[in-house]
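Counting in our numbering, the sequence shown runs from -18 upward without gaps.
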Amino acid sequence: MRVCIMGLGYIGFPTACVLGQAGHDVIGVDVNPVLVDRLSLGDIPIVNEPGLTDLAHSVLQSGKLKISTEPEVADVFIIAVPTPVQDDREVASPEHSRLEYRYRADLSYVVAATKAIAPFLRAGNLLILESTVPPHTLDRTVLPLLQSEGVDTSTVLLAHAPERVLPGNILRELVYNHRLVGGLTPQASRAAADFYRSFVKAQVEETDCTTAELVKLMENTYRDVNIALANEFALVGEHLGVDIWNAIRLANLHPRVNYLRPGPGVGGHCIAVDPYFVIEAAPELTSLIQAARRVNRQMPLHVLDLFRRLAQGTVVRKAAILGASYKANVGDERESPALEVARLLESEGINVAIHDPHIGRYAHPVERVLAGADAVLLLTDHVDYLALDPRVVSGLVSQRLLLDTRGYLDAASWTAAGFRVATVGSGQYNMRGITPETLTVGD
Ligand code: SAJ
């Protein structure tokens, strides 16, 4: 088939490559001319996706994938553009203003992509929306938009097929994850399912479009709520003097319990965003989902609080931050809690030096970032940091303070090297007897 993909980001570009590999003739479209030039030359900006650069070179060279700023006539159109959240605090309706969260989906990229392909749609074409969207986007936004652009929608098949891939493992998951497709009509579901079966080696489930939209949000909300529960227990563990990492390990031995891991908060473009689309759809019915968002959003502040307790009695002028990306072993800093913690430390008057092996501007030698630091904060659990030798680090820093927000480093060996160590959820620096006035951080 001839496939036109709108949006060549983290999802669209790898999808275009996989479709080209499966034998389709693919035209990948992006509004960013700089990105289009780079991709056409085989310069792939998406890093840490095993196999992606090689596959991209092969489909570009074979002509199975072409890159352009303009759509073309095709059999199948796929929209894979971002759907960020915007804070609508200013224009919130009275009932929404009672709620803590007034974030809503910004559908402007979906709208622009839909308008761009409208002139190319022909009878029998399949239009698939892969972007994560609030429920009823396909039938109440995309459908009327196409109609207002003059498309005879009775002859076009519309479906939502949410992407489900995990950054860092995208190529594999595009092919081996079960796939869900929801058509506006049963015929559209069937056509979209048949299309995915041309390259997916797992189950392809058919449903209606609004169910598919909601299921995608349920998946990511499940993870957000689970992490919020782990984070809340981290605070409880600190309060009670219980090591929550050990407690979670023990609880997870139960065959029907599976806690995720506490940390400095939830980042990335999916889990920290998608629950707001559910809240937006049903603000009065989502108190648990809202509470989870609140807990996870407050974690960077908690990290600062814990840091103050760790640093009590010392003066911290420079902090070395290990890890800036939103999660381990990727170079994506969108919504990263690590950068939020960095901003909070800077607002306390602390000089922050950031290291991240996966992000160009932070990928300096780690020794340079650690040199002369008064404190070290591990914010992203990149595997590289396991190779740090605490005895070597102790010779580089000015003061030996370590805050591990991911429960990742071996606290015993850092303690043995003379570090005062705090770990989120470990309970050795609880608030008992310490008031903010007794803390001296910064100068
Ligand atoms: N995190 C924790 N503790 C954990 C697991 C994750 O604090 O135990 C944090 C991470 O550090 C990160 C954030 O949560 O900051 C999100 O990371 P993630 O690995 O849970 O998820 P994403 O955002 O990289 O990808 C998710 C995936 N969804 C699910 O696993 C249900 C992926 O399959 C989706 O395709 C993707 O969202 C998406 O695009 O929606």
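A virtual CB, placed ideally from N, CA and C, is assigned to each residue, including glycine.
Small disclaimer: the values here were computed from a predicted structure and weren't measured.
Checking contacts by CB at 8 Å: is S375 closer than that to chain D? Judged by its chain identifiers, the structure shown contains no chain D, having just a single protein chain.
What number of angstroms, rounded off, separates the C-alpha of A172 from the C-alpha of V10? Position 191 of the sequence shown, counted from the first residue, corresponds to residue 172. Position 29 of the sequence shown, counted from the first residue, corresponds to residue 10. Computed Cα separation, rounded: 23 Å.
Per DSSP, cross-strand counterpart(s) of V374: Position 393 of the sequence shown, counting from 1, holds the residue named residue 374. Looking at the DSSP assignment, V374 forms no beta bridge with any residue, so it has no partner.
Report the CB separation of V405 from P143 in whole angstroms; it is logged as a contact under 8 Å. Taking the sequence shown and counting its residues from 1, one reaches residue 405 at position 424. Taking the sequence shown and counting its residues from 1, one reaches residue 143 at position 162. With a Cβ gap of about 32 Å, V405 and P143 do not count as contacting.
Residues bridged to M(-13) by DSSP? Reading the sequence shown from its first residue, position 6 is the one you call residue -13. The partner list for M(-13) (beta bridge, DSSP) reads V10 and I60.
Taking Cβ to Cβ, would you say Y90 is nearer than 8 Å to V62? As a position in the sequence shown, residue 90 is number 109, starting the count at 1. As a position in the sequence shown, residue 62 is number 81, starting the count at 1. Contact flag set, yes.
Would the segment 126 to 146 and the segment 159 to 171 be scored as touching if the rule is three or more Cβ pairs under 8 Å? yes
Within 7 Å: the Cβ of E200 and any heavy atom of the ligand SAJ? Here residue 200 refers to the residue found at position 219 when the sequence shown is read from its first residue. At least one heavy atom of the ligand SAJ is nearer than 7 Å to the Cβ of E200, so yes.
With respect to 7 Å, is the separation between the Cβ of G248 and the closest non-hydrogen atom of the ligand SAJ below this value? As a working mapping, residue 248 is identified with position 267 in the sequence shown. Under cutoff, so the answer is yes.
Shorter than 7 Å, the distance from the beta carbon of R204 to the closest heavy atom of the ligand SAJ, or not? In the sequence shown, counting from the first residue as 1, residue 204 sits at position 223. Result yes, Cβ under 7 Å from the ligand SAJ.
Spell out a yes or no on whether the segment 317 to 326 and the segment 148 to 165 are touching, meaning 3 or more CB-CB pairs, one atom from each, closer than 8 Å. no
Tell me which residue opens and which closes the beta strand (DSSP E) that H336 is part of. For the purposes of this step, residue 336 is taken as the residue at position 355 of the sequence shown. It spans N332 to H336 - the beta strand (DSSP E) in which H336 sits, taken as one unbroken run.
How is S306 classed by DSSP in three states: helix, strand or coil? Start at 1 with the first residue of the sequence shown, and residue 306 comes out as number 325. In this structure, S306 counts as coil in the three-state DSSP scheme.
Could you pull the start and end residues of the alpha helix (DSSP H) that D362 belongs to? Position 381 of the sequence shown holds residue 362. No alpha helix (DSSP H) holds D362; DSSP gives it neither H nor E.
At the level of alpha carbons, what is the spacing between P427 and R372? Any answer about residue 427 is impossible in this case: the structure gives the chain only from -18 up to 424.
Using the three-state DSSP reduction, which class does E186 fall into: helix, strand or coil? As a working mapping, residue 186 is identified with position 205 in the sequence shown. Three-state DSSP puts E186 in a strand.
How about C(-2): is its Cβ closer than 7 Å to a heavy atom in the ligand SAJ? On the sequence shown, residue -2 is found 17 positions in, with the first residue counted as 1. C(-2): no, Cβ never under 7 Å from the ligand SAJ.
Alpha-carbon spacing of L359 relative to L382, whole angstroms: Position 378 of the sequence shown, counted from the start, is the residue given in the question as residue 359. Position 401 of the sequence shown, counted from the start, is the residue given in the question as residue 382. If you take the alpha carbons of L359 and L382, they lie about 11 Å apart.
Just to confirm, does C251 get its C-beta within under 7 Å of one of the non-hydrogen atoms of the ligand SAJ? As a working note, residue 251 is residue 270 in the sequence shown. Yes; taking the cut-off as 7 Å, the Cβ of C251 has a heavy atom of the ligand SAJ nearer than that.
Can you say whether R145 is buried or exposed, counting buried as having 16 or more other CB atoms within 10 angstroms of its CB? Your numbering for residue 145 matches position 164 in the sequence shown. Buried, because 16 or more other Cβ atoms sit within 10 Å of the Cβ of R145.
Nonlocal neighbours in the same chain, by C-beta distance under 8 Å from P281, ignoring five residues either side: Your numbering for residue 281 matches position 300 in the sequence shown. Once the five neighbours on either side are set aside, the close Cβ partners of P281 are P245, G246, P318, E321, V322 and L325.
Assuming the contact rule is C-beta atoms closer than 8 Å, Q2 and L36 should be a hit. Round their C-beta distance to whole Å, please. The count along the sequence shown starts at 1 and reaches residue 2 at position 21. The count along the sequence shown starts at 1 and reaches residue 36 at position 55. Right, the Cβ-Cβ distance comes to about 6 Å (below 8 Å), so this counts as a contact.
Rounded Cβ spacing between C190 and L119 (contact assumed at less than 8 Å): As a first step, residue 190 must be located in the sequence shown, where it is residue number 209. As a first step, residue 119 must be located in the sequence shown, where it is residue number 138. With a Cβ gap of about 4 Å, C190 and L119 count as contacting.
Rounded C-alpha distance that separates A183 from L155: By 1-based counting over the sequence shown, the position of residue 183 is 202. By 1-based counting over the sequence shown, the position of residue 155 is 174. Their Cα atoms are separated by approximately 10 Å.
Beta-carbon separation of E431 and I340 under 8 Å? The structure shown has nothing for residue 431, since the chain only spans -18 to 424.
May I ask which residues mark the beginning and end of the beta strand (DSSP E) holding R242? The count along the sequence shown starts at 1 and reaches residue 242 at position 261. First-last for R242: undefined, no H or E at that position.
Taking the Cβ atom as the reference point for each residue, do T95 and L127 lie within a distance shorter than 8 Å? For the purposes of this step, residue 95 is identified with residue 114 of the sequence shown, where counting begins at 1. For the purposes of this step, residue 127 is identified with residue 146 of the sequence shown, where counting begins at 1. Contact flag set, yes.
Report yes if the C-beta distance between D450 and A305 is below 8 Å; otherwise report no. Because the chain spans -18 through 424 in this model, residue 450 falls outside it and cannot be assessed.
How is A193 classed by DSSP in three states: helix, strand or coil? Taking the sequence shown and counting its residues from 1, one reaches residue 193 at position 212. If DSSP states are grouped into helix, strand and coil, A193 belongs with the helices.
Segment contact flag, the segment 340 to 355 with the segment 269 to 284, C-beta cutoff 8 Å, min 3 pairs: no
Would the C-beta of I208 count as close to the ligand SAJ, meaning under 7 Å from any of its heavy atoms? For the purposes of this step, residue 208 is identified with residue 227 of the sequence shown, where counting begins at 1. At least one heavy atom of the ligand SAJ is nearer than 7 Å to the Cβ of I208, so yes.
From the DSSP output, in three-state form, read off L282 for me. Translated into the one-based positions of the sequence shown, residue 282 becomes position 301. Note: L282 maps to helix in three-state DSSP.
Would the segment -10 to 2 count as touching the segment 29 to 43 if we require 3 or more Cβ pairs under 8 Å? yes
With a 10 Å radius around its C-beta and 16 neighbouring C-beta atoms as the bar for buried, classify H5 as buried or exposed. Numbered from its first residue, the sequence shown carries residue 5 at position 24. That one is buried.
Determine, using beta carbons only, whether I331 and A300 come nearer to each other than 8 Å. By 1-based counting over the sequence shown, the position of residue 331 is 350. By 1-based counting over the sequence shown, the position of residue 300 is 319. Closer than 8 Å, so yes.
I'd like the list of long-range same chain contacts for L285, defined as Cβ closer than 8 Å, with 5 residues on each side in sequence excluded. As a first step, residue 285 is located in the sequence shown; it is residue number 304 there, counting from the start. For L285, where only same-chain residues beyond five positions count, the Cβ hits under 8 Å are V322, L325, L326 and E329.
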